[in-house]
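Reading through the structure tokens given below for one structure.
There are 2 protein chains.
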Amino acid sequence: MNLKHSKQRDCIMEFLSTRKDHPTADTVYMNVRQTFPNISLGTVYRNLTLLADIGEIARIRVGDGVDHFDADTSPHYHFICKECGSVIDLDMEDMAYINETAGKHFDGCIEGHFTYFYGKCGNCFTKS
Amino acid sequence: MNLKHSKQRDCIMEFLSTRKDHPTADTVYMNVRQTFPNISLGTVYRNLTLLADIGEIARIRVGDGVDHFDADTSPHYHFICKECGSVIDLDMEDMAYINETAGKHFDGCIEGHFTYFYGKCGNCFTKS
DNA sequence: ACTAATATCAGTAATAGTTACTAGTTTTAA
DNA sequence: TTAAAACTAGTAACTATTACTGATATTAGT
């Protein structure tokens, strides 16, 4: 896969870098349109997929049926607010050790885990 | 929500109880059609959603873009095989304590977590 | 710089999974 | 027995995503 430079892709990447809230493809689309009014949603999807494939960004699936994207590819856990749906980074150590807990009575090979936490974010918690 | 009895729902529930492999709505549909050849896919979805809402079954989202369903509603973790995609129950203790680990530097309220493990299942592991 | 190869684009159509609508059928409480 | 309401099959609609198409932009080699 021989990459060529693309202004649209740069713009998508740059936008994602400014955000810590793990936007969806649609949010990226809305924002990138301020720079490229004619950009296609397909282009956004194609580039997000491409960037995720080459490891520049991370695709995050939190079970809400929509893919979220994160320019921070360092391993970290996420929190999803049940009220407002926002996806927030958690500051906590890696839990690789739970893979061994899981593997104790399992005959296959456990390579890793996906974990996300849910509840109420700071904002929604103080409101209620 | 006042429930009425329904043969179709019974059949769906009964089929799910016989399976430990967390079928998708489509798999349920295919199998229930052997008893109700004219059952509608919509009916299957509606009843799976209803049963999940009242807590009779669990809806499992493992990030493959398809909802899986489980008649075993006791809390337990799942393993997803990267090769064959099968969803397998894990025999391991609950890890409620990781909620506190996650909450240490977080200002909201952590109520729970979703975790699933991935790798190669026993079958696919011995094959390779 | 020029050109050819090809990655990329915008626009649109197609797909998959799921939910919503509709008119007719079952279930069940009175 | 009956009538309200939950349920059904069939179908249309919806959402998120991917695939297709002909035109455009990028880039390596001259």
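Protein chains in written order, with my numbering: chain A, 2 to 129; chain B, 2 to 129.
Glycine included, C-beta positions come from ideal geometry on N, C-alpha and C.
Under three-state DSSP, which class holds cysteine 85(A)? As a position in the first sequence, residue 85(A) is number 84, starting the count at 1. In the structure shown, cysteine 85(A) sits in coil (DSSP, three-state: anything other than H, G, I, E or B).
Residue span of the alpha helix (DSSP H) that contains glutamate 15(B), given as start and end: Within the second sequence, numbered from 1, the residue matching residue 15(B) stands at position 14. It spans 8 to 18 - the alpha helix (DSSP H) in which glutamate 15(B) sits, taken as one unbroken run.
Count the other CB atoms, across all protein chains shown, that sit within 10 Å of the CB of aspartate 92(A); report buried if there are 16 or more and exposed otherwise. Taking the first sequence and counting its residues from 1, the one referred to as residue 92(A) is at position 91. Classification of aspartate 92(A): exposed, given that the 10 Å Cβ count is below 16.
According to DSSP, arginine 60(A) sits in a beta bridge with which residue or residues? Position 59 of the first sequence, counted from the first residue, corresponds to residue 60(A). DSSP, once it has assigned bridges, lists Phe70(A) as partnering arginine 60(A).
Rounded to a whole number of angstroms, what is the C-alpha to C-alpha distance between asparagine 39(A) and serine 129(A)? On the first sequence, residue 39(A) is found 38 positions in, with the first residue counted as 1. On the first sequence, residue 129(A) is found 128 positions in, with the first residue counted as 1. For asparagine 39(A) and serine 129(A), the distance between alpha carbons rounds to 42 Å.
Distance between glycine 109(A) and glutamate 84(B) (C-alpha atoms, nearest Å): Against the second sequence, residue 84(B) aligns to sequence position 83. Against the first sequence, residue 109(A) aligns to sequence position 108. So the two alpha carbons sit approximately 12 Å from each other.
With distances taken Cα to Cα, identify the nearest neighbour of glutamate 112(A) among His106(A), Gly123(A), Asn100(A). Translated into positions along the first sequence, residue 112(A) becomes position 111. Closest by alpha carbon: Asn100(A).
Rounded to whole angstroms, what's the CA-CA distance from tyrosine 78(B) to lysine 8(A)? Just pull it up for me. Locating residue 78(B) in the second sequence gives position 77, counting from the first residue. Locating residue 8(A) in the first sequence gives position 7, counting from the first residue. The straight-line gap from Cα to Cα measures roughly 43 Å.
Serine 18(A) to asparagine 32(B), Cα distance in whole Å? Taking the first sequence and counting its residues from 1, one reaches residue 18(A) at position 17. Taking the second sequence and counting its residues from 1, one reaches residue 32(B) at position 31. Distance between the alpha carbons of serine 18(A) and asparagine 32(B): 47 Å.
Beta-carbon separation of valine 63(B) and tyrosine 117(B) under 7 Å? Translated into positions along the second sequence, residue 63(B) becomes position 62. Translated into positions along the second sequence, residue 117(B) becomes position 116. Contact flag set, yes.
What are the start and end residues of the alpha helix (DSSP H) that includes phenylalanine 138(A)? Here chain A has residues from 2 to 129 only, and residue 138(A) is not among them.
Straight-line Cα distance separating arginine 34(A) from valine 45(A): Mapped onto the first sequence, residue 45(A) falls at position 44. Mapped onto the first sequence, residue 34(A) falls at position 33. Going from the Cα of valine 45(A) to the Cα of arginine 34(A) covers about 10 Å.
Closer than 8 Å is the cut-off here; do at least three beta carbon pairs connect the region 50 to 59 of chain A with the region 10 to 30 of chain A? yes
Given a cut-off of 7 Å on the beta-carbon distance, is the pair aspartate 54(B) and proline 76(B) in contact? Looking up residue 54(B) in the second sequence gives position 53. Looking up residue 76(B) in the second sequence gives position 75. No, these two residues do not count as a Cβ contact at 7 Å.
Buried or exposed: asparagine 3(B), going by 16 or more other Cβ atoms within 10 Å of its Cβ? Counted from its first residue, the second sequence places residue 3(B) at position 2. When all chains shown are included, asparagine 3(B) counts as exposed.
Using a Cβ cut-off of 7 Å (strictly closer), state whether cysteine 110(A) contacts chain B. Taking the first residue of the first sequence as position 1, residue 110(A) is located at position 109. So yes, cysteine 110(A) belongs to the interface.
Using the Cβ count rule (16 or more neighbours within 10 Å means buried), how would you classify histidine 69(A)? The residue given as residue 69(A) occupies position 68 in the first sequence. Burial call: buried.
Check threonine 28(A) in the structure and name its three-state DSSP category. Working through the first sequence from its first residue, we reach residue 28(A) at position 27. Three-state result, threonine 28(A): helix.
Go to asparagine 48(A), then tell me how far its alpha helix (DSSP H) extends in each direction, as first and last residue. In the first sequence, the residue the question calls residue 48(A) occupies position 47. Note, asparagine 48(A): alpha helix (DSSP H), 42 to 54.
Give a yes or no on whether 7 Å exceeds the smallest Cβ distance from alanine 97(A) to chain B. Position 96 of the first sequence, counted from the first residue, corresponds to residue 97(A). So, not an interface residue.
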